[in-house]
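Residue numbers (my numbering), protein chains in the order written: chain A, 1 to 375; chain B, 376 to 583.
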């Protein structure tokens, strides 16, 4: 099942901002041009109370006031009106529409649906009383809380290139939520967190997992640690449902980060996620989008995701008309195939060292968790 | 950042007549390693868990009796102290040079706090800005007037808030600046900085 409505595109920080609604417009138009678009379920907006299930009243009040164009002096303390997360008219509603989509996904899962793809959301940086990194409200956490309140154990998997800090901190002390984030190391990259030793606190101890990867990590190394860690953690935690933030910004074309995945790795990751869901959660999986700031790469990665979730055969070449129209609009050439070209990429001098260090990080994490990961 | 911003208070203390065993129990119970010794409100010494362990070890030929020897017998009497208004880097320097793990903080002769290596690590974390969601830039600058201003001016021009800015001298005539900025777009910033002629060490250009 796919959840989407055109109003997702109201979440718009302006024409020069990387978190651009053009990504969704392009994606939907591509799926239509490919003839695979099925009428999605249009969600309602999340209510204020839904948002308050994970956020503070004082944050919500400020978002609301800023949305109405009121002058609020302390917005920056709440992570708003910054270069990354500027305010815009109607921001509160636009964010609640995205939250509503992910929440609807959670409701559908509770009603018996298995695979739900929410074509939006994934605002994983938003914290309890702070907007951060393009994220105003945390749709993922609202959905996760809805699921845990219904008595489900939730495993959250975050493959965005940035650490899923908001979701991690919101559920840091909760025993019914496993968070698992694979990301580029925060040594240099935003938000700077996501170390292996952030493993939860109190009842949540041993249930927050982070695998920070070396910059310039490529497909092979990523998949090696992914396949070692994810089934191991899911098998130990035994969740009822898997919630996935499928950011596309670990792709090598992404302008904001330094991992070097190709679409081939993404295809494998998506297939594995569905396999793991079948093996560990009875097939129950809710997938959202997330970061992804190269229009060319993000749209192809998410089209891949759409096809994989529906079990559709993958197209080779992208439709001519679609390509020409978007190339004209964007004023630059686009990759004409769904997958990246096979052309050999030059070998990175540090490749062996990167692989070794990623392996070591994985070992450290598993060592750290052997005593804590509670079955 | 001053000592008073990072010191702990109130301070757990002992009197000189307390036995080593009692002092050791107190350290264990409170989870600390340093005990200033106070007599009639005056600081007369300091004793650490290590002092007690060394003094009472069976490997020590002149080993003290833990149940009967008083703290006064083992404590360090010439205590190095700090003032609440000392900068933290000064406290760090004294501790490093004297190879000691803590400084009792005195104001007008009264013990008002204690600062330990752990508190200085907390200070370092705070100074580096890692406690705020941020990205990190490393830029090498010529060591001359106005270079840092050029860097911060560039960031200000892009509407970027700086969480922290550390700089330290490199070999010769260069300075390394480490900046934590409140943005996901450190890559784009790095590109912009390169175009302006800055030597950006991190993030590097992607190979492909």
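No residue lacks a Cβ here, since even glycine has one placed at the ideal position from N, Cα and C.
Owing to the predicted nature of the structure, the values given are computational and were not obtained by experimental measurement.
Coil, strand or helix - residue i by DSSP
i, result
"residue 168 (chain A)", "helix"
"residue 337 (chain A)", "strand"
"residue 448 (chain B)", "helix"
"residue 77 (chain A)", "helix"
"residue 29 (chain A)", "helix"
"residue 577 (chain B)", "strand"
"residue 143 (chain A)", "helix"
"residue 43 (chain A)", "coil"
"residue 115 (chain A)", "strand"
"residue 555 (chain B)", "strand"
"residue 331 (chain B)", "In the structure displayed, chain B extends from 376 to 583; residue 331 (chain B) sits before or after that span and is not available."
"residue 414 (chain B)", "strand"
"residue 210 (chain A)", "strand"
"residue 233 (chain A)", "helix"
"residue 221 (chain A)", "helix"
"residue 205 (chain A)", "coil"
"residue 179 (chain A)", "strand"
"residue 345 (chain A)", "coil"
"residue 403 (chain B)", "helix"
Spatially closest choice to residue i from the options, by CA coordinates
i, options, result
"residue 318 (chain B)", "B:471, B:416, B:565", "Lying before the first or after the last residue shown, residue 318 (chain B) is absent from chain B, which here runs from 376 to 583."
"residue 11 (chain A)", "A:118, A:288, A:274, A:94", "A:94"
"residue 539 (chain B)", "B:547, B:389, B:570, B:504", "B:504"
"residue 546 (chain B)", "B:382, B:517, B:449", "B:517"
"residue 300 (chain A)", "A:329, A:197, A:7, A:24", "A:24"
"residue 217 (chain A)", "A:305, A:52, A:348", "A:348"
"residue 379 (chain B)", "B:433, B:448, B:482", "B:482"
"residue 381 (chain A)", "A:249, A:290, A:114, A:47", "Within the shown structure, residues of chain A are numbered from 1 to 375, placing residue 381 (chain A) beyond reach of any answer."
"residue 385 (chain A)", "A:40, A:143, A:205, A:215", "The first residue shown for chain A is 1 and the last is 375, placing residue 385 (chain A) beyond what the model contains."
"residue 138 (chain A)", "A:173, A:151, A:101, A:159", "A:101"
"residue 368 (chain A)", "A:198, A:324, A:337, A:60", "A:198"
"residue 537 (chain B)", "B:544, B:513, B:573, B:456", "B:513"
"residue 458 (chain B)", "B:487, B:421, B:431", "B:487"
"residue 204 (chain A)", "A:277, A:372, A:38, A:279", "A:372"
"residue 119 (chain A)", "A:156, A:182, A:37", "A:37"
"residue 339 (chain A)", "A:329, A:304, A:308, A:355", "A:304"
"residue 13 (chain A)", "A:61, A:90, A:50, A:72", "A:90"
"residue 51 (chain A)", "A:260, A:140, A:133", "A:140"
"residue 385 (chain B)", "B:452, B:479, B:475, B:428", "B:479"
"residue 586 (chain B)", "A:363, A:130, A:159, A:17", "For residue 586 (chain B) there is no data in the structure shown, the boundaries of chain B being 376 and 583."
"residue 376 (chain B)", "B:502, B:404, B:420", "B:502"
Anticipated Cβ contact below 8 Å, residue i with residue j, distance rounded
i, j, result
"residue 1 (chain A)", "residue 116 (chain A)", "5 Å"
"residue 292 (chain A)", "residue 247 (chain A)", "6 Å"
"residue 125 (chain A)", "residue 462 (chain B)", "34 Å between Cβ atoms; not a contact."
"residue 164 (chain A)", "residue 511 (chain B)", "At roughly 19 Å, the Cβ-Cβ gap does not stay under 8 Å, so residue 164 (chain A) and residue 511 (chain B) are not in contact."
"residue 128 (chain A)", "residue 54 (chain A)", "7 Å"
"residue 424 (chain B)", "residue 401 (chain B)", "Incorrect: roughly 10 Å between the Cβ atoms, too far for contact."
"residue 176 (chain A)", "residue 154 (chain A)", "7 Å"
"residue 213 (chain A)", "residue 182 (chain A)", "7 Å"
"residue 550 (chain B)", "residue 544 (chain B)", "6 Å"
"residue 582 (chain B)", "residue 561 (chain B)", "Not confirmed; about 18 Å, so no contact."
Check each residue of the region 549-561 of chain B: if its Cβ is closer than 9 Å to any Cβ of chain A, include it; give the result in chain order. 555, 556, 557, 558, 559, 560, 561
Looking at chain B, which residues of the region 146-174 of chain A have a Cβ within less than 8 Å of any of its Cβ atoms? 162, 165
Contact residues within the region 489-508 of chain B, judged by C-beta distance below 7 Å to chain A: 505, 508
Return the residues of the region 332-354 of chain A that lie within a Cβ-Cβ distance of less than 8 Å from chain C, sorted by chain order. No chain C is part of this structure, whose protein chains are labelled A and B.
Meets three-Cβ-pair contact criterion under 8 Å: the region 25-39 of chain A and the region 59-74 of chain A: At 8 Å Cβ cutoff, the stretches do not touch.
Got a sec: which bits of the region 186-200 of chain A sit with their beta carbon under 9 Å from any beta carbon on chain B, in order along the chain? 186, 187, 188, 189, 190, 191, 192, 193
Between the region 519-538 of chain B and chain A, which residues of the former have CB atoms less than 8 Å from a CB of the latter, in chain order? Result list: 533, 534, 535, 536.
Near-chain B residues of the region 70-83 of chain A - C-beta to any C-beta below 9 Å: 76, 79, 82, 83
contact_flag[the region 395-410 of chain B, the region 428-447 of chain B] where n(CB pairs < 8 Å) is 3 or more: yes
Could you name the residues of the region 112-133 of chain A whose beta carbon sits closer than 9 Å to any beta carbon of chain B, in the order they occur along the chain? 125, 127, 130, 132, 133
Of the residues that make up the region 211-229 of chain A, which ones have a beta carbon closer than 8 Å to any beta carbon in chain B? 215, 216
What residues in the region 48-59 of chain A have a beta carbon less than 7 Å from any beta carbon of chain B? Within the region 48-59 of chain A, not one residue has a Cβ closer than 7 Å to any Cβ of chain B.
Using 8 Å as the Cβ pair cut-off and three pairs as the minimum, do the region 402-410 of chain B and the region 268-281 of chain A touch? no
Pull out every residue of the region 238-268 of chain A whose Cβ sits closer than 8 Å to any Cβ of chain B, in chain order. 252, 255, 256, 257, 258, 260
Using a Cβ-Cβ cut-off of less than 8 Å, list which residues of the region 6-20 of chain A approach chain B; keep chain order. 18
For the pair the region 100-117 of chain A and the region 76-92 of chain A, tell me if three or more CB-CB distances fall below 8 Å. no
So, do the region 123-143 of chain A and the region 224-235 of chain A have three or more beta carbon pairs nearer to each other than 8 Å? no
Validate contact between the region 484-495 of chain B and the region 450-464 of chain B using beta carbons, cut 8 Å, 3 pairs: Because the criterion of three Cβ pairs below 8 Å is met, the region 484-495 of chain B and the region 450-464 of chain B touch.
Validate contact between the region 38-54 of chain A and the region 332-351 of chain A using beta carbons, cut 8 Å, 3 pairs: no
Can you give me, in chain order, the residues of the region 402-430 of chain B that have a beta carbon less than 9 Å from any beta carbon in chain A? none
Indicate whether the contact test is met: 3 or more Cβ pairs, each with one atom in the region 238-245 of chain A and one in the region 279-290 of chain A, closer than 8 Å. Taking a cut-off of 8 Å on C-beta distances, the region 238-245 of chain A touches the region 279-290 of chain A, as three or more cross pairs fall below it.
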